[in-house]
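S.K.: Next up is a structure, given as structure tokens.
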Ligand SMILES: Cc1ncc(COP(=O)(O)O)c(C=O)c1O
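Written as structure tokens, this is what we have:
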């Protein structure tokens, strides 16, 4: 079914739901009663529509379903955002150039190309969030008989988009401790593959691989095929600099590292991401993005501030860790296991059907995501504020 069809059905269903409940959505949509009544009915709907409805609901008590950072953008980023509003009638060329320069200097990727509007770093590509960049890569490596190799389960944006342009997808299961099986992936890479996709840390499992092993894997396998490393959650690992494969780009390896500000930097709504890769890869990917043109000037001004604000990075990480430890305790106290996470979400096995579990949590105002793999039902819960985690614990203890 096409996306436009889904959206039409969704709109129709929302209208029917609101009508059926006798609600005037504009007036009552934000009350907890309305939220719960709607949530209770949602699960009579087809699964894919439920997903869209969940994302549309702003009135959850605890929204723990999109791995957002609830501690919000840092103060300097907020000030930069506000400060940029008056000048936002202009395109933000200068700030974008400044941000690209910062990245290029830090990652030692200073090769430039002269262009009409000035220089362009040939190994850096900015995006309005990393999804834009994942989409671009999915076209470059998915079209014309592309074939993507990845672990399963993993983050599906790039893979699904590649499939939409005709690519095949080959999978390798995770190890017993739910990490990427690098040996199996190395064995599985064949001449037919156009790209290897590695999400590290992995979504939905929250696991990361040993950085030395991943580095050795990248050095070897990238001689055969490009490796795309999705580092959306890298900032939450014990040592982001070591865990990141970005340095391999400067060393000339064919790895494509993509990062986002949506997680640790709390920019999910502000939309900032970037890719670091070899010049020929960046040139190809650029054809399928709007350069940096989709990024707003307030967002880029804020990005420069948060990027430099190391104190905030430590703060956000510490807050995440505190809430995560509380969540671990909640699960342990109820006799549940979980996969130890290097991210801002945790995956744990549930005893109910996972859709039912999610629906019961939703009825209690707590949004989570559900998965089913390895003959097991799972819940993925994002790390929120301590208050969010208390709401989670309350709802979870009622149904566990
Ligand atoms: C692994 C991974 N990559 C990329 C993204 C896309 O994030 P954004 O487009 O907000 O940068 C997400 C979002 O949750 C993600 O989990």
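Numbering (this note's numbering), first residue to last: 2 to 401.
The beta carbon of each residue, even a glycine, is placed where N, CA and C say it ideally should be.
1. Can you give the Cα-Cα distance for residue 195 and residue 219, rounded to whole angstroms?
2. Would the stretch 123 to 132 and the stretch 98 to 113 be scored as touching if the rule is three or more Cβ pairs under 8 Å?
3. On the three-state DSSP scale, how would you describe residue 324?
4. Is the CB of residue 353 under 8 Å away from at least one CB in chain B?
5. On a Cα-Cα basis, can you pick out the residue from 395, 347, 367 and 357 that is closest to residue 414?
6. Note down the Cα distance separating residue 214 from residue 295, rounded to an integer number of angstroms.
7. With the cut-off set at 8 Å, would you say residue 246 and residue 141 are in Cβ contact?
8. Which stretch, first to last residue, makes up the beta strand (DSSP E) that contains residue 171?
9. Span of the alpha helix (DSSP H) holding residue 76?
10. I believe residue 381 touches residue 365 by the beta-carbon criterion, under 8 Å. Please report the beta-carbon distance rounded to the nearest angstrom.
11. Which of helix, strand or coil does DSSP assign to residue 186?
12. What does a CB cutoff of less than 7 Å around residue 109 pick up in its chain, not counting 5 residues either side in sequence?
13. So the candidates are 231, 361 and 337; which of them puts its Cα closest to the Cα of residue 351?
14. Looking only at its chain, what residues have a beta carbon closer than 8 Å to the beta carbon of residue 162, apart from the 5 residues adjacent to it on each side?
15. Going by DSSP, name the residue or residues bridged to residue 275.
16. Taking the straight line between their C-alpha atoms, what separation do you get for residue 166 and residue 146?
17. Would you give the residue range spanned by the alpha helix (DSSP H) that residue 363 belongs to?
18. Determine the DSSP secondary structure at residue 396, reduced to helix, strand or coil.
19. State the beta-bridge partners of residue 348 as determined by DSSP.
20. If residue 367 and residue 335 are in contact, beta carbons under 8 Å, what's the gap, nearest whole angstrom?
21. Alpha carbons only, please: which of 189, 345, 361 and 314 is nearest the one belonging to residue 65?
22. Under 8 Å, with one C-beta from each stretch per pair, do the stretch 371 to 378 and the stretch 299 to 316 reach the 3-pair mark?
23. Any heavy atom of ligand 1 closer than 7 Å to the beta-carbon of residue 291?
M.R.: According to the data block:
1. Their Cα atoms are separated by approximately 15 Å.
2. Inter-segment contact for the stretch 123 to 132 and the stretch 98 to 113 is present: three or more beta-carbon pairs are separated by less than 8 Å.
3. The answer is helix: DSSP assigns residue 324 an H, G or I state.
4. Although the question refers to chain B, the structure presented lacks it and comprises just one protein chain.
5. Nothing about residue 414 can be reported from this structure: the residues present for the chain run from 2 to 401 only.
6. Cα-Cα distance, rounded: 36 Å.
7. Not a contact, by the Cβ cut-off of 8 Å.
8. Annotation: the continuous beta strand (DSSP E) that includes residue 171 extends over 169 to 174.
9. For residue 76, the uninterrupted alpha helix (DSSP H) run begins and ends at 76 to 85, by DSSP.
10. Actually they do not touch by this definition, with Cβ atoms about 17 Å apart.
11. Secondary structure of residue 186 (DSSP, three-state): helix.
12. So the list reads 251, once near-sequence residues are dropped.
13. Residue 351 has its Cα closest to that of 337, out of 231, 361 and 337.
14. Around residue 162: 135, 136, 139, 140 and 143.
15. Residue pairing by DSSP places residue 275 opposite 127 and 260 in a beta bridge.
16. Near 9 Å, if we compare the C-alpha coordinates of residue 146 and residue 166.
17. Where residue 363 is concerned, the enclosing alpha helix (DSSP H) stretches over 355 to 364.
18. Assigned with DSSP and collapsed to three states, residue 396 falls in helix.
19. As a beta-bridge residue in DSSP terms, residue 348 pairs with 381.
20. Taking a contact as a CB-CB distance under 8 Å, the pair residue 367 and residue 335 does not count as one, their CB atoms being some 15 Å apart.
21. The shortest Cα separation from residue 65 among 189, 345, 361 and 314 belongs to 345.
22. Short answer: they don't touch.
23. Checking every heavy atom of ligand 1 against the Cβ of residue 291, none is found closer than 7 Å.
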